[in-house]
Amino acid sequence: MRTGQDMHADASASTQADPADADAAAGQQPERSLSPSRATDFMTCPLLYRFRAIDRLPEPPTAAAARGTVVHTVLERLFDLPSTARTPEGARALLEPAWAELLAAEPEVGELFHDDPSGEALRAWLESGAELLDRYFTLEDPQRLEPAEREMYVEATLTSGLQVRGYVDRLDRAPVTGDLRVVDYKTGRAPGPDFEHRPLFQMRFYGLVLWRMHGVIPRLLQLVYLGNGEVLRYEPDEDDLLATERKLAALWAAIERAQRTGEWRARPSKLCDWCAFQSLCPAWGGTPPPLPEQS
Ligand code: SF4
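According to this note's numbering, the stretch in the sequence shown is residues 1 to 295, in order.
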């Protein structure tokens, strides 16, 4: 289980901390590596990137992020069941154990339901997760799928020397052609056309990593939006992924520049509504803490 504040970014998506960064936690200076979540953070707001990747400030749990984690766990475990048991009822039965597992791994998520002695809010929250799972079955038939990989950690080093990494929710391999399909579940709603570039960037990112890992460009990148039952499909090509590689090199150069100068600019946007750091943000009248000393 990828626990807690996960990278299954939905609406608040890029506003979640990234477990792919956990192994980099020891150093205050960012390693020369980037995950899609952190890349998106920097593009959204350099100061947000700083709070997460440099200061490594904790963020309170949210019901949406916890639900995302639990639903992703169920969708991963669903494929442990025999194909005939991969039903909406079978998925619902996995929900409470996934919640119990998250609670054991991250007791602080229990705070979400502290003021709920009747258990009503927890039941409603679990039901909202079950509804997302029900919707999943309107989009795919898991009885006909045998994923090649689930919750797959991917990592590659680009020609610039930048390490790129993250977790792919599911990787399917076509039995005859061997074509790869990357599938990512989102528990939010699909963005409008003006905002599709962010999730598509994430998918191109994974397409690039897999290309570098296996020497083969995935045939299809697919985002499954459980919030409103839409599926976004995208067929990457070489030019596209090379452009993504150049973009990542430029992004990393900008991160290193901010690291050198100490200038992490706040870039207010609608996403500030989901930001846990408003009280520390100059755009909202706050003062960031001193930068951690560099080792
Ligand atoms: S509140 Fe907005 S501007 Fe400030 S750090 Fe968060 S996302 Fe950036």
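Every residue, glycine too, gets a C-beta built ideally from N, C-alpha and C. Please read all numbers here as calculations on a predicted model, not as lab measurements.
With H, G and I counted as helix, E and B as strand and the rest as coil, what does DSSP make of residue i?
i	result
T69	helix
S33	strand
I255	helix
R86	coil
T244	helix
T187	coil
T62	coil
G166	strand
L271	helix
R173	strand
W284	helix
S14	Annotation note: pLDDT 41 at S14 (below 50); position unreliable, no value reported.
A25	Caution applies to A25, whose pLDDT of 44 falls short of 50 and renders its modelled position unreliable; the value that the coordinates give is listed next. Note: A25 maps to coil in three-state DSSP.
Taking buried to mean at least 16 other C-beta atoms within 10 Å of its own C-beta, is residue i buried or exposed?
i	result
F277	buried
T159	exposed
T261	exposed
A39	buried
M213	exposed
G178	exposed
E76	buried
G129	buried
So the candidates are the options; which of them puts its Cα closest to the Cα of residue i?
i	options	result
A302	A258, L48, P107, P88	Here the chain has residues from 1 to 295 only, and residue 302 is not among them.
A254	P46, E31, S35	P46
E61	D80, A105, H72, E111	The identity of residue 61 in the sequence shown is Pro, whereas the question assumes Glu. Selected option, being the one with the closest Cα: E111.
R219	N228, E238, G227	E238
L94	H72, T177, G178	H72
E31	L162, R144, S128	L162
C272	Y49, L34, D172	Y49
- Message: Closer than 7 Å between the C-beta and any heavy atom of the ligand SF4: which residues qualify, listed along the chain?
- Response: That gives T44, C45, L47, L48, F51, A266, R267, P268, S269, L271, C272, C275, F277, Q278, C281, A283, W284.
- Item | the region 239-250 in contact with the region 196-204 per 3-pair CB rule at 8 Å | Counting Cβ pairs under 8 Å, three or more are found: they touch.
- Are the region 184-199 and the region 147-158 touching by the rule of at least three beta carbon pairs closer than 8 Å? With a cut-off of 8 Å, the region 147-158 and the region 184-199 do not count as touching, because too few Cβ pairs lie within range.
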